[in-house]
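The structure under discussion appears below in the form of structure tokens.
Chains as they are written, first to last, in the working numbering: chain A, 3 to 600; chain B, 1369 to 1841.
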């Protein structure tokens, strides 16, 4: 297969190669270049010339080197064995590469994404004579204790015009490798197709679904500022922009750890090597609060660090989202983290520049917004071809140069996502983490997930959220006055707004990702915490209107306890929060009593 | 499974490597264009022979059937079109690495600069290196005590970290780097250490300052210096950090040494990249810098860290001067996105006589979370540094308020914050160039600063920590 020569190298300019003498190469075909068989992709055809991007370091490639066609577009392998593995941007298994070639990634090295020798226990769920269609489940494989992997009918009908096929034979339950044939299907024209546990899918083509469903379930992240103020829906899209050091990666890591998705695909796209190592070393030791199993048992990692070839960085986010779609088709809720989409956009810019295309804004190619839109549109809550429901939620970090949100990648991303968690440098400097600004951020999903939240919180979520948002808005205006005249000039009733907002920021919005208790906050605890703070606001304002000085209220011992409740109250101990509220009511009424007689 | 043609082409190239071509078709800045060559590989090493017979080195930047573009590291002055000859060596630019290079002074290409012959090489290494497989990395978590309070407590340096100093012209970044070299130690283990120093486009006095300082500390024999000074061709600077890091990798991962790499000044390196990019007519991105500046810098900065099963480490301390003190300039900006934190200098603090003039709030160490606390520094360290950051950031707000309404109008709590701020800057941050504080002294000083505030304000500390360390007197 690899001996089909499609052309010869004419010019090498970094990762972009011009090829002459093109015979039968097709657009987006995966090719191999030169003696070392470096992996590349054909991105442009013109006459008998073509342009390739190489996914490895191009050093040593010379004019005249042969280019070999593979006959298929750049694809990923899908099947059992993806979970818990770390891949590079073109789905080479990094752990296997290390075993083969040592600690440095050498050029031309290759290994299949799915282990060909490993066996899996396959349980059939169709019998001979059954009618199946694309996406139907043929059988299941327990990929680990949590993930029951469905082996689905791949799209083998292309070219036959059929929608259904008959099962001619199916293997009995037993152990098989991913290459073994597990079923044979008969098509209407009399031909048969052999189906194994592994299928291939081109990374740039979205996998088909039956229909898109409305987004009504929130993706619970365990991060209070997100879940309560700016919720993300399952199947939704969100951008996290922030300058360096504002905590994009930390926020992504926290969500990857604690969110209630079934599967996490974490793409380190052009970021630091040590960050991926951190995830790789830490996740196996962390426990998923919902299943009690190791977090690595639901995670796929893609590491294309900043020093790895730039064109593979461009491919990495497609590789990731294709794997996410594959698990969605089995009926899982998948969350995908892309850190960072700016590096991906820069890879596009670099390749575009080398192809001498006409640049648009800041050197980015004119098709940047199209590509961003295509990527985010692959998210959604879907009814799958197999009839189940699954979702892909996309959480994309954006790294705007100089922290300036007006640059092209942030601006175009904002057009295509419906939720925006803007990170604020001033908050990060004060070590207020997560540094999600409550003024710049928004979520268009609030209305859609409100019924779900109201069902889970005694019906008041929308109202309570609105009250605290209003207080935060009032605080901004008051802060402007304070900046001019000092806090003493305000009456106690207004100063109390500042005090409550301050408490809300330290006791609720801040969350310590390294604290055993605080790093994850259950929805029950979040709701009660917000209610206690609002109760403090109500009782406090009432007391102030009765003439109680504000200083007396803020110095109550119970206020200190409220400030520290995020650390002191375990997630499942809601009684402790009830007690705290009772204590607050008691302290306030005692204090009010002193002023009643006067 | 190679067909005959391919085999022939490969053999041809091997035979043709080293063949001499005479007569360039165009010379533009550091770039030489050569026509009618055999197929030359991308990135190949080129030996250039000047009309006067002198040898220079170069690298292939672009290769095609018609023309090969070579960048000449020593510059092109003195070359003529007909008189220039070239050998394409058929292999990438390599550096012969050896432990004996410690104690030596070399140029940006690793050739002798001190007159003595270069030692015999243990191995030839491609200067571009290869990316480390993320699965093979070991997550760095060993605390390095620099003896500088503000670094040790607030932006802790970890062995294997890349932590740049964002400075400005005229600020004492060289002193701080020298002080760190002199005082840095890993607690509980000495280890075999080495220093690799790469100077790009800095003045001779700066290089001299470092040499003198290494000499006084008595570490000169453990230092390999790669100097590409301000009067050397600017193109040489693009290869200098690569050469230096190639040696550092050899020392750390083959010889098991703890290597500290100091690279100064990264701004000059980036300027050289821009120069070449412009000459080649590439499409620029921000401020004329090439679109690949991020990837290019990452290729340098990512060559640090630790590898599982190897005892050595590479800690990078790059120094860059922010043009016009602007942290949003592409060079510091892209650097900050790659490195594991940054130490930011502030001119205002320098003006007030505070050394080191480190602005705490924008400074950051991403790796400190796993390298501090019980068993590594002290149990109260994480919360203490967190509290200092939070309180100091409030000081800035209070100062702004005071400048509007006047200090007299402030509340008594705000006055306490001002006192805390003064103590923090003058006693905690400020220290002498010779002063080497232990981590315990540093943390106690931090508590002394916080004791200017009432304990209720210390919301990031636990009651037990306040009980144990807060100075009630």
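We put the CB at the ideal spot given by N, CA and C, even for glycine.
Below 7 Å on C-beta distance, what does residue i contact in chain A?
| i | result |
| --- | --- |
| residue 1757(B) | 432 and 433 |
| residue 1439(B) | Within chain A, no residue comes near residue 1439(B); the closest Cβ sits about 13 Å away, beyond 7 Å. |
| residue 1800(B) | Simply none; closest approach about 27 Å. |
| residue 1653(B) | 351, 364 and 365 |
Report the CB separation of residue i from residue j in whole angstroms; it is logged as a contact under 8 Å.
| i | j | result |
| --- | --- | --- |
| residue 1630(B) | residue 1545(B) | 6 Å |
| residue 1575(B) | residue 1595(B) | 5 Å |
| residue 1389(B) | residue 1454(B) | 5 Å |
| residue 1713(B) | residue 1534(B) | 6 Å |
| residue 420(A) | residue 239(A) | 6 Å |
| residue 1856(B) | residue 1762(B) | Any question about residue 1856(B) goes unanswered here, given that chain B covers just 1369 to 1841. |
| residue 1644(B) | residue 1439(B) | 6 Å |
| residue 149(A) | residue 142(A) | That belief does not hold up - the Cβ atoms of residue 149(A) and residue 142(A) are roughly 10 Å apart, past 8 Å. |
| residue 181(A) | residue 135(A) | Contact flag wrong, Cβ pair sits at about 24 Å. |
For the beta strand (DSSP E) holding residue i, just list the boundary residues, first then last.
| i | result |
| --- | --- |
| residue 142(A) | 139-144 |
| residue 1561(B) | 1561-1568 |
| residue 1710(B) | 1709-1712 |
| residue 1430(B) | 1423-1432 |
| residue 1757(B) | Element bounds for residue 1757(B): not the beta strand (DSSP E) but the alpha helix (DSSP H), 1749-1773. |
| residue 122(A) | 122-126 |
| residue 155(A) | Element bounds for residue 155(A): n/a, residue is neither H nor E. |
| residue 55(A) | 51-56 |
| residue 178(A) | 176-178 |
| residue 185(A) | 183-188 |
| residue 34(A) | 31-35 |
| residue 44(A) | 40-48 |
| residue 1744(B) | Element bounds for residue 1744(B): n/a, residue is neither H nor E. |
What are the residues that DSSP puts in a beta bridge with residue i?
| i | result |
| --- | --- |
| residue 306(A) | 271(A) |
| residue 1526(B) | 1511(B) |
| residue 1493(B) | 1463(B) |
| residue 287(A) | DSSP output for residue 287(A) lists no bridge partner at all. |
| residue 1453(B) | 1390(B) and 1417(B) |
| residue 1439(B) | 1399(B) and 1427(B) |
| residue 80(A) | 201(A) |
| residue 593(A) | DSSP, once it has assigned bridges, lists no residue as partnering residue 593(A). |
| residue 626(A) | Missing from the structure shown is residue 626(A); chain A here goes from 3 to 600 and no further. |
| residue 1626(B) | 1561(B) and 1681(B) |
| residue 1658(B) | 1652(B) |
Which bits of chain B does residue i rub up against, with CB to CB less than 9 Å?
| i | result |
| --- | --- |
| residue 278(A) | 1502, 1503 and 1505 |
| residue 100(A) | 1501, 1503 and 1504 |
For a contact meaning CB atoms closer than 8 Å, what does residue i contact in chain A?
| i | result |
| --- | --- |
| residue 1520(B) | Near residue 1520(B) there are no residues of chain A at all, since even the closest Cβ is about 17 Å away, more than 8 Å. |
| residue 1659(B) | 348, 351, 352, 355 and 365 |
| residue 1682(B) | What residue 1682(B) touches in chain A: nothing, since even the nearest Cβ is about 12 Å away. |
| residue 1814(B) | Residues of chain A passing the Cβ test: none, with the nearest at roughly 14 Å. |
| residue 1460(B) | 61 and 62 |
| residue 1763(B) | Chain A residues near residue 1763(B): none, gap ~11 Å exceeds 8 Å. |
Mind checking whether the beta-carbon of residue i lies closer than 7 Å to any heavy atom of the ligand FAD?
| i | result |
| --- | --- |
| residue 313(A) | Of the ligands one can find in the structure shown there are none, so the ligand FAD has no counterpart to examine. |
Name the chain B residues whose beta carbon is nearer than 7 Å to that of residue i?
| i | result |
| --- | --- |
| residue 310(A) | 1499 |
| residue 534(A) | Within 7 Å Cβ-Cβ: nothing; residue 534(A) doesn't reach chain B, min ~17 Å. |
| residue 516(A) | 1737 |
| residue 305(A) | 1502 |
Identify the continuous alpha helix (DSSP H) that holds residue i and give its terminal residues.
| i | result |
| --- | --- |
| residue 1684(B) | Element bounds for residue 1684(B): not the alpha helix (DSSP H) but the beta strand (DSSP E), 1681-1689. |
| residue 371(A) | 370-379 |
| residue 1644(B) | 1634-1647 |
| residue 344(A) | 343-356 |
| residue 1577(B) | 1572-1585 |
| residue 526(A) | 525-547 |
Which chain A residues are close to residue i, counting only those with a beta carbon under 9 Å from its beta carbon?
| i | result |
| --- | --- |
| residue 1403(B) | Here the premise fails: no neighbours, minimum Cβ distance about 13 Å. |
| residue 1716(B) | What residue 1716(B) touches in chain A: nothing, since even the nearest Cβ is about 16 Å away. |
Exercise. Counting only runs that start and end within the region 203-285 of chain A, where is the alpha helix (DSSP H) found for 4 or more residues in a row?
Worked result: Runs of the alpha helix (DSSP H) inside the region 203-285 of chain A: 250-260 and 275-284.
For this session: Just list the alpha helix (DSSP H) runs in the region 1776-1815 of chain B, keeping only unbroken ones of 4 residues or longer that don't cross its boundaries, in chain order.
Result: Within the region 1776-1815 of chain B, the runs of alpha helix (DSSP H) that reach at least 4 residues and sit entirely inside it are, in chain order, 1780-1791.
Exercise. Enumerated in chain order, which unbroken segments of the alpha helix (DSSP H) with a length of 4 residues or greater are wholly contained in the region 420-475 of chain A?
Worked result: Correct list: 427-431 and 448-458.
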